[in-house]
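Notes follow once the structure below has been shown.
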Amino acid sequence: MIRVVLIDDEKNALEMMEWLLRTYCPQVRIEAMCLGAEEGIKAITSHRPDLVFLDIEMPRMNGFDLLEQFDPLFFDVVFCTAYDQFAIKAFKYAALNYLLKPIDPKDLADTIQRVEKKNSLPMKEQLEVLFTSLQQQKPTISRIALTTGDGMIFVSTNDIIYCQAESNYTQVVLSNGKKIMVSKVLKDIDEALAGEDFFRIHHSYLINLNHIQKYVRGDGGYLIMSDGTTILISRSRRQEFMERFSKF
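Going by the working numbering, the sequence shown opens with residue 1043, and the numbers climb by one from there.
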């Protein structure tokens, strides 16, 4: 049984989340429903829940202010937000759970399943990455949290040369020569990084455009990256790449 506390400054949002959890997530027990951060702090301290569903934008004290009251965190967090697509990237960079309002029942059920399988709680560094990026108009985050088999590694996005698909994992290659095996498929990394300085050049490769050393037209076209690695350009992505590359 997962014991949860719900925190949102909108009564309708709280009631809808209560109904969704009771209807679609029988493994969840709601300990408290709180209209605001101050009430939420008291409920968390009193009930010591396994999981908190937390709205970010609340008057007087927002979700981040609330989390700062607990160091270290002894509970997991799912952020409930109405942020736009740019800010969604911030959650993916920080590798934190989030749900978009209005909340989809399937997304909620999937999130609960992920929480059940986790064996670690959010780290202060993850919250710092998220908070910093959400303060910007358009998150061009400088660090990303990479989930590995035994924990989490925080790296500068500028240091990533390319990411390579390895079955159900992704190998992230850094400019210092280090290679990190991440327990996510390349599609997940692509969704977080693409659109800034990163481009899916091939079904197996996501590259940092800043680390292209040379483009070679022969043999269908390929790239030489800053570490000397040669990466073929997918035929289906060639035109889009040339358009991006010409503007870069």
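C-beta: ideal position from N, C-alpha, C; glycine also.
Here the alpha carbon of ASN1250 sits roughly 41 Å from the alpha carbon of VAL1070.
A residue is called buried when at least 16 other Cβ atoms come within 10 angstroms of its Cβ; MET1043 does not meet this threshold and is exposed. For LEU1150, the uninterrupted alpha helix (DSSP H) segment begins and ends at 1147-1159. For GLU1208, there is no enclosing alpha helix (DSSP H); the enclosing beta strand (DSSP E) covers residues 1202-1208. Only residues of its own chain outside the window of five on either side were considered, and among them ASN1139 have a CB closer than 7 Å to the CB of ARG1156, listed in chain order. Cβ neighbours of VAL1227 within its own chain (closer than 8 Å, five residues either side excluded): ALA1207, ASN1210, TYR1211 and THR1212.
ILE1154 sits away from ASP1097, with the two beta carbons spaced by 9 Å or more. A Cβ-Cβ contact shorter than 9 Å links ASP1118 with LEU1093. Here ALA1124 is exposed: its Cβ has fewer than 16 other Cβ atoms, across all protein chains shown, within 10 Å. Residue pairing by DSSP puts VAL1070 in a beta bridge opposite ILE1044.
Judged by DSSP in its simplified three-state form, PHE1240 adopts strand. Around the CB of VAL1258, fewer than 16 other CB atoms lie within 10 Å, so the residue is classed as exposed. The Cβ neighbour count for LYS1148, taken over all protein chains shown within 10 Å, is under 16; the residue is labelled exposed. Closest by C-alpha distance to LEU1163, out of PRO1144, LEU1115 and THR1189, is LEU1115. Leaving aside the five residues that flank ALA1151 on each side, the residues in its chain whose CB is nearer than 7 Å to its CB run, in chain order, TYR1066 and CYS1067.
Under the rule that a run must span 3 or more residues, the beta strand (DSSP E) segments found entirely inside the region 1069-1102 read 1070-1076 and 1093-1097. For SER1268, the CB contacts under 8 Å within the same chain, skipping 5 residues up- and downstream, are ILE1203, SER1217, HIS1253, ILE1254 and GLN1255 in chain order. GLN1168 sits in a helix when the DSSP states are folded into three classes. The C-beta of ARG1242 has 16 or more other C-beta atoms within 10 Å across all chains shown, which makes the residue buried.
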